[in-house]
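Here is the structure we will look at.
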Ligand SMILES: CC(C)(COP(=O)(O)OP(=O)(O)OC[C@H]1O[C@@H](n2cnc3c(N)ncnc32)[C@H](O)[C@@H]1OP(=O)(O)O)[C@@H](O)C(=O)NCCC(=O)NCCS
């Protein structure tokens with residue numbers, strides 16, 4: 001299990017499991033106004049052909065503190081969900097987790113990574129721009145609660 005950040009607490013990344021769902025859903029509810037349901041997460045866990053639901057666990061203790069879910073279809077990667085527990089934000093975990101999946105996707109031969117983000121979500125937008133993502137366009141009223149447009153962002157991986 002790869003270590004994301006070395007320190008007194010150590011953070012490891014591994015595939016999401018059914019027993020992670022209570023912790024994942026708690027983070028999801030604290031992070032989004034329109035959270036995914038247990039069944040949506042379960043579907044991702046079971047969709048082993050294209051879906052990569054990954055959690056970050058803190059040791060000692062083994063608590064789930066963050067997760068990212070992406071699909072890889074041939075050379076194309078779509079990031080569908082990213083969240084860090086509010087108590088663990090600002091430690092570099094979101095960036096380390098994204099850098100980890102970018103490296104893994106490159107190794108697996110992917111060439112293009114895309115995601116959507118609320119136009120008002122400054123922390124996420126700033127993170128994605130730091131990682132090299134660029135705004136490719138917008139999707140009108142992509143989000144509800146509140147209604148808001150999304151930026152579609154993309155990162156070319158084969159450079
Ligand atoms: C977006 C999110 C995943 C960032 O995770 P994080 O672990 O707090 O971020 P990190 O500590 O790794 O920060 C990395 C970079 O992100 C950017 N960033 C993070 N928090 C920020 C903030 N509050 N304001 C502006 N930029 C911010 C900065 O560029 C930062 O780099 P720096 O420290 O060199 O300035 C986290 O805020 C989160 O879970 N938000 C709620 C869920 C969400 O919005 N998900 C994204 C949906 S598209």
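Numbering (the numbering used here), first residue to last: 1 to 159. Built from N, CA and C at the ideal position, the CB exists for glycine as well.
Expected contact under 8 angstroms - CB spacing of residue i and residue j to nearest Å
i	j	result
residue 24	residue 41	6 angstroms
residue 68	residue 79	7 angstroms
residue 14	residue 57	7 angstroms
residue 75	residue 26	The pair is not a contact, with the Cβ atoms about 34 angstroms apart (cut-off 8 angstroms).
residue 105	residue 84	The pair is not a contact, with the Cβ atoms about 20 angstroms apart (cut-off 8 angstroms).
residue 44	residue 51	5 angstroms
residue 143	residue 154	19 angstroms between Cβ atoms; not a contact.
residue 129	residue 95	Actually they are not in contact, since the Cβ atoms of residue 129 and residue 95 sit about 12 angstroms apart, beyond 8 angstroms.
Proximity to residue i [Cα-Cα], best of the options
i	options	result
residue 66	151, 113, 21	21
residue 89	131, 70, 123	123
residue 102	92, 91, 114	114
residue 127	19, 46, 158, 92	92
residue 46	99, 100, 19	19
Burial state of residue i, where buried means 16 or more other Cβ atoms lie within 10 Å
i	result
residue 53	buried
residue 72	buried
residue 97	buried
residue 156	exposed
Nearest-angstrom Cα separation, counted from residue j out to residue i
i	j	result
residue 141	residue 34	14 angstroms
residue 133	residue 81	16 angstroms
residue 146	residue 139	15 angstroms
residue 70	residue 48	11 angstroms
residue 112	residue 4	23 angstroms
residue 136	residue 38	31 angstroms
residue 148	residue 36	17 angstroms
residue 152	residue 99	19 angstroms
residue 87	residue 55	16 angstroms
residue 158	residue 108	11 angstroms
Proximity test, residue i beta-carbon vs ligand 3 heavy atom, cut-off 7 angstroms
i	result
residue 124	Ligands displayed in this structure: ligand 1; ligand 3 is not among them.
* Count the C-beta pairs between the region 115-132 and the region 21-34 that are closer than 8 angstroms, then say yes if the count reaches three, no if not. => no
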